[in-house]
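Remarks on the structure that follows.
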Amino acid sequence: MTHSPALEITGLHKAYGDHPVLRGIDLEAPPGSVVALLGPNGAGKTTMVNVASTLIRPDSGTVCVLGHDVVRDAERVREQIGMTGQYSALDSLFTGRENLRLMADLVHLSKVEGRARVDELLERFDLVDAADRPAATYSGGMRRRLDVAMTMIARPRLIFLDEPTTGLDPRSRRAVWDLVREQVAEGVTVFLTTQYLDEADHLADRIAVLDGGRIVASGTSEQLKSQVPGGHLEVRLGSPDDLPAAATALGDAATVDSDALTVTMPYDGEVAQVRSLLSRLEGVDVTTFAVHTPDLDDVFLALTGHAATAETPIDPREPQEAIR
Amino acid sequence: MSATTSTLGLAVRDSVTMSRRSLRRLIRYPALTVSVIGMPLVFLLLFVFVFGETMGAGIGGTGGGRTEYLHYVVPGILVMSLAGVATSTAISIAMDMSEGIIARFKTMPVARVSVLTGHVVGAVLQSMLVFVLILALAVVLGYRTDVTASGVLTTAVLVLAISLALTWLSVLMGISAKSVETASNTPMILLLLPFLGSGFVPTDTLPRGLAWFAEYQPFTPWMEAMRAGLGGTGAGTDLWVSLAWCLVIGLAGYVGAKRVYNRDPTT
Numbered sequence: 001m002t003h004s005p006a007l008e009i010t011g012l013h014k015a016y017g018d019h020p021v022l023r024g025i026d027l028e029a030p031p032g033s034v035v036a037l038l039g040p041n042g043a044g045k046t047t048m049v050n051v052a053s054t055l056i057r058p059d060s061g062t063v064c065v066l067g068h069d070v071v072r073d074a075e076r077v078r079e080q081i082g083m084t085g086q087y088s089a090l091d092s093l094f095t096g097r098e099n100l101r102l103m104a105d106l107v108h109l110s111k112v113e114g115r116a117r118v119d120e121l122l123e124r125f126d127l128v129d130a131a132d133r134p135a136a137t138y139s140g141g142m143r144r145r146l147d148v149a150m151t152m153i154a155r156p157r158l159i160f161l162d163e164p165t166t167g168l169d170p171r172s173r174r175a176v177w178d179l180v181r182e183q184v185a186e187g188v189t190v191f192l193t194t195q196y197l198d199e200a201d202h203l204a205d206r207i208a209v210l211d212g213g214r215i216v217a218s219g220t221s222e223q224l225k226s227q228v229p230g231g232h233l234e235v236r237l238g239s240p241d242d243l244p245a246a247a248t249a250l251g252d253a254a255t256v257d258s259d260a261l262t263v264t265m266p267y268d269g270e271v272a273q274v275r276s277l278l279s280r281l282e283g284v285d286v287t288t289f290a291v292h293t294p295d296l297d298d299v300f301l302a303l304t305g306h307a308a309t310a311e312t313p314i315d316p317r318e319p320q321e322a323i324r
Numbered sequence: 325m326s327a328t329t330s331t332l333g334l335a336v337r338d339s340v341t342m343s344r345r346s347l348r349r350l351i352r353y354p355a356l357t358v359s360v361i362g363m364p365l366v367f368l369l370l371f372v373f374v375f376g377e378t379m380g381a382g383i384g385g386t387g388g389g390r391t392e393y394l395h396y397v398v399p400g401i402l403v404m405s406l407a408g409v410a411t412s413t414a415i416s417i418a419m420d421m422s423e424g425i426i427a428r429f430k431t432m433p434v435a436r437v438s439v440l441t442g443h444v445v446g447a448v449l450q451s452m453l454v455f456v457l458i459l460a461l462a463v464v465l466g467y468r469t470d471v472t473a474s475g476v477l478t479t480a481v482l483v484l485a486i487s488l489a490l491t492w493l494s495v496l497m498g499i500s501a502k503s504v505e506t507a508s509n510t511p512m513i514l515l516l517l518p519f520l521g522s523g524f525v526p527t528d529t530l531p532r533g534l535a536w537f538a539e540y541q542p543f544t545p546w547m548e549a550m551r552a553g554l555g556g557t558g559a560g561t562d563l564w565v566s567l568a569w570c571l572v573i574g575l576a577g578y579v580g581a582k583r584v585y586n587r588d589p590t591t
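Protein chains in written order, with my numbering: chain A, 1 to 324; chain B, 325 to 591.
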């Protein structure tokens, strides 16, 4: 048993033609952890997953999965990973059960083992009722569940999930999150990419922010948030007549929005500041009061200078499908 | 997956799994099979009942007619039916490649070539089915020959060799196609070639340049050897030329397809 990291990326570069996609990536995922790669479209997330899962070769740098190099030792890597691409990787003409059986055959389980494993996965991924219907008739959430179930067939020690919840409704997203947590509870390391900040926040032990082919920040969700200077306090007033009074009471630090009837001011995280703010507003008609701690949106904005969900221009040569 | 398990054994096992997958896909998506049967079927009826009388007179002189032409055209249409299966294989490969499941296969410890061999085995079986059905229809229409045991063997070898060669070529076309649409266009040339050979008219009736081309393209020896095999006369050199063509085309398709399949996407 090795104690090497589940995933270890050093100095990874990858370009498509003369268009650099990954420009020197260093990243480590300890065994049993969930690492989220957070970034907007076109940041290079899928390329990174494709390199780490042996689909494409790096131009330079090394990628080791559970101690095996993805270029020199690709077969050993493939035996230990599971990959769920951005686009569902299943055969739509097959039923859910047939898709899983195909996987069981391909990882060389015996007939008996295979059947048992397929039944177990159908059960765990809540697909028993739909097991014998063609996957083409599945909803987005069901396809995703089948997709992840197929990934789990050989009990991989590291799984890649490339934007696992893109395009899913909120309920299906929750279901996929629960599935990911279950796998983690069994000791599987998860490397996921997402453009949803809350997804990274909910699932990941460590978050790496990818922008323009570089990791611009990494750490726990809390660590990332602490890199952003403070949040803010916001009071909403009952009528426009109260605005001058509130502005006077709060001084120069306050920002007044006369349309929204709100006054905001920077917040350093101290309770005393909240207490003083409310006492200074004595006699002013305040309808609501809110404390905003920085969220990952603020972090992303501060780190990259643009919002996470904003679409950066996508290079036409960047593969839009997982593989061609 | 212990190191002692033979790599070849696993490759065979994975190829069997993938062949089963391809066959199941053919059954689940019968539209392609229907079209590959329908095309030569329509051509056979068209060439026998619409053009047959006139063409027969042209080929057999004053005594010639529909029946003579039926006997002339059947081997050509049978070979064309094999080309038809190849074009549909190119489409179904291109469709498969556009789905994420191929990426999944590539990240699994699966023998790489098995995905392609699966398609090839499915296509060759499909070719045999189409061949037998069209031949049966020809017999219903009055096709009779004094076929010998060696003629049957020759024909069987030809069907297997031609469909293997054309299938590997179509795998290469399907896998290199940028889209499913391209994949359905490129192999069209395969359906045209029987016309530019000895399939429908003897090559000496063609203009000189075309006749020269017809003599040196693979479909002419294929159709001549098939004609000889089914007709009970020895195929002679045509058989060896045919098999040489099959070897060259099949090998080129196999090597090319393997290279395209294994290369990095987008580079």
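All C-beta atoms, glycine included, are put in the ideal place defined by N, C-alpha and C.
Checklist entry - Is the CB of Thr54(A) under 8 Å away from at least one CB in chain B? => result Chain B contact via Cβ: present.
Checklist entry - Out of curiosity, what's the CA-to-CA distance linking Ala576(B) and Trp536(B)? => result Between Ala576(B) and Trp536(B), the C-alpha separation is close to 24 Å.
Checklist entry - Mind checking Asp198(A): buried by the 16 CB within 10 Å criterion, or exposed? => result Classification of Asp198(A): exposed, given that the 10 Å Cβ count is below 16.
Item to check | Beta carbon of Pro364(B) nearer than 8 Å to that of Leu554(B) | outcome: No.
Checklist entry - Under three-state DSSP, which class holds Phe543(B)? => result In the structure shown, Phe543(B) sits in a helix (DSSP, three-state: H, G or I).
Next on the checklist: With H, G and I counted as helix, E and B as strand and the rest as coil, what does DSSP make of Leu127(A)?
Outcome noted: The DSSP-derived three-state label of Leu127(A) is coil.
Next on the checklist: Do Leu203(A) and Val188(A) have their beta-carbon atoms positioned less than 8 Å apart in this structure?
Outcome noted: No, these two residues do not count as a Cβ contact at 8 Å.
Item to check | Coarse secondary structure for Asp211(A), derived from DSSP in three states | outcome: When secondary structure is reduced to three states using DSSP, Asp211(A) falls in the strand class.
Next on the checklist: Using 8 Å for Cβ pairs, my map puts Ser487(B) next to Val448(B). What's the rounded Cβ distance?
Outcome noted: With 8 Å as the limit, Ser487(B) and Val448(B) qualify as a contact, their Cβ atoms being about 5 Å apart.
Next on the checklist: Which of the three DSSP states is assigned to Gly400(B) in this structure?
Outcome noted: Per DSSP, reduced to three states, the secondary structure at Gly400(B) is helical.
Checklist entry - Is the shortest distance between the beta-carbon of Ile25(A) and the beta-carbons of chain B less than 8 Å? => result Not one chain B Cβ lies under 8 Å of Ile25(A).
Checklist entry - Gly436(B): buried (16+ other C-beta within 10 angstroms of its C-beta) or exposed? => result In the sequence as presented, Gly is not what sits at residue 436(B); that position holds Arg. Burial is judged here by how many other beta carbons sit within 10 angstroms of a residue's own beta carbon; Arg436(B) has fewer than 16 and is exposed.
Item to check | Contacting positions in the stretch 402-428 of chain B - beta carbon closer than 8 Å to chain A | outcome: Listed by position along the chain: Met421, Ser422, Glu423, Gly424, Ile425, Ile426, Ala427, Arg428.
Checklist entry - Quick one: is Leu370(B) buried, meaning 16 or more other Cβ sit within 10 Å of its Cβ, or exposed? => result Leu370(B) counts as exposed, since fewer than 16 other beta carbons sit within 10 angstroms of its beta carbon.
Checklist entry - Between Ile426(B) and Val184(A), what straight-line distance do the alpha-carbon atoms span, to the nearest angstrom? => result Spanning the two alpha carbons is a distance of roughly 26 Å.
Item to check | Element boundaries [alpha helix (DSSP H), containing Thr357(B)] | outcome: First-last of the alpha helix (DSSP H) with Thr357(B): 354-369.
Next on the checklist: Could you check whether the stretch 43-52 of chain A touches the stretch 114-133 of chain A, counting it as contact only if at least three pairs of C-beta atoms, one from each stretch, sit closer than 8 Å?
Outcome noted: Below 8 Å, too few C-beta pairs join the stretch 43-52 of chain A and the stretch 114-133 of chain A to call them touching: fewer than three.
Item to check | Identified DSSP bridge partners for Ser218(A) | outcome: Ser218(A) is bridged to Ala208(A).
Next on the checklist: Tell me the rounded alpha-carbon separation between Asp315(A) and Ser276(A).
Outcome noted: Only weak support is given to the placement of Asp315(A): the predicted model assigns it a pLDDT of 42, under 50, and the value that follows is read from those uncertain coordinates. If you take the alpha carbons of Asp315(A) and Ser276(A), they lie about 51 Å apart.
Item to check | Val35(A): first and last residue of the uninterrupted beta strand (DSSP E) it sits in | outcome: Boundaries of the beta strand (DSSP E) around Val35(A): 34-38.
Checklist entry - Is Arg157(A) closer than 8 Å to Ser327(A) when the C-beta atoms are compared? => result Residue 327(A) lies beyond the stretch modelled for chain A, which goes from 1 to 324, so this question has no answer here.
Checklist entry - Residues of chain A with CB under 7 Å from Arg436(B), in chain order? => result Contacts between Arg436(B) and chain A, judged by CB atoms closer than 7 Å, are missing: the closest CB pair is about 10 Å apart.
Checklist entry - Which of the three DSSP states, helix, strand or coil, is assigned to Met152(A)? => result In this structure, Met152(A) counts as coil in the three-state DSSP scheme.
Checklist entry - How long is the line joining the alpha carbons of Asp252(A) and Gln80(A), rounded to whole angstroms? => result Each residue's alpha carbon lies about 59 Å from the other.
Checklist entry - Taking DSSP as the reference, what is the three-state secondary structure of Pro240(A)? => result Residue state, collapsed to three classes: helix.
Checklist entry - Should Gly213(A) and Gly11(A) be called a contact, given that it needs their Cβ atoms to be closer than 8 Å? => result Between Gly213(A) and Gly11(A), the C-beta gap is not smaller than 8 Å, which leaves the two residues out of contact.
Checklist entry - So who's on the other strand from Val235(A), going by DSSP bridges? => result Val235(A) pairs with Val263(A), Phe289(A).
Checklist entry - At a CB-CB cut-off below 9 Å, which residues of chain A make contact with Tyr353(B)? => result Taking a Cβ-Cβ threshold of 9 Å, the residues of chain A close to Tyr353(B) are Leu93, in chain order.
Next on the checklist: Using a Cβ-Cβ distance cut-off of 8 Å, determine whether Thr312(A) contacts chain B.
Outcome noted: Note on Thr312(A): pLDDT 43, under 50, position unreliable in the model; the coordinate value appears next. For Thr312(A), the nearest beta carbon of chain B is not closer than 8 Å to its own beta carbon.
Item to check | Simplified DSSP assignment, three categories, for Gly326(A) | outcome: What is shown of chain A runs 1 to 324, which leaves residue 326(A) out entirely.
Checklist entry - Residues of chain B with a CB under 7 Å from the CB of Ala89(A): which are they? => result Result: Gly424, Ile425, Ala427, Arg428.
Item to check | Span separating the alpha-carbon of Arg583(B) from that of Leu482(B) | outcome: Their backbone Cα atoms lie some 27 Å apart in a straight line.
Checklist entry - Any residues in the stretch 102-134 of chain A with a beta carbon nearer than 9 Å to a beta carbon of chain B? Which ones, in chain order? => result So the close ones are Leu102, Met103, Asp105, Leu106, Val107, His108, Pro134.
Next on the checklist: Let me check one thing: in DSSP terms, what residues is Ala29(A) bridge-paired to?
Outcome noted: Leu7(A).
Checklist entry - Would you report the Cα separation of Ala208(A) and Lys14(A), rounded to the nearest angstrom? => result Ala208(A) and Lys14(A) have their C-alpha atoms spaced approximately 18 Å apart.
Next on the checklist: Counting only Cβ pairs nearer than 8 Å, list the residues of chain B close to Met142(A).
Outcome noted: Chain B residues near Met142(A): none, gap ~16 Å exceeds 8 Å.
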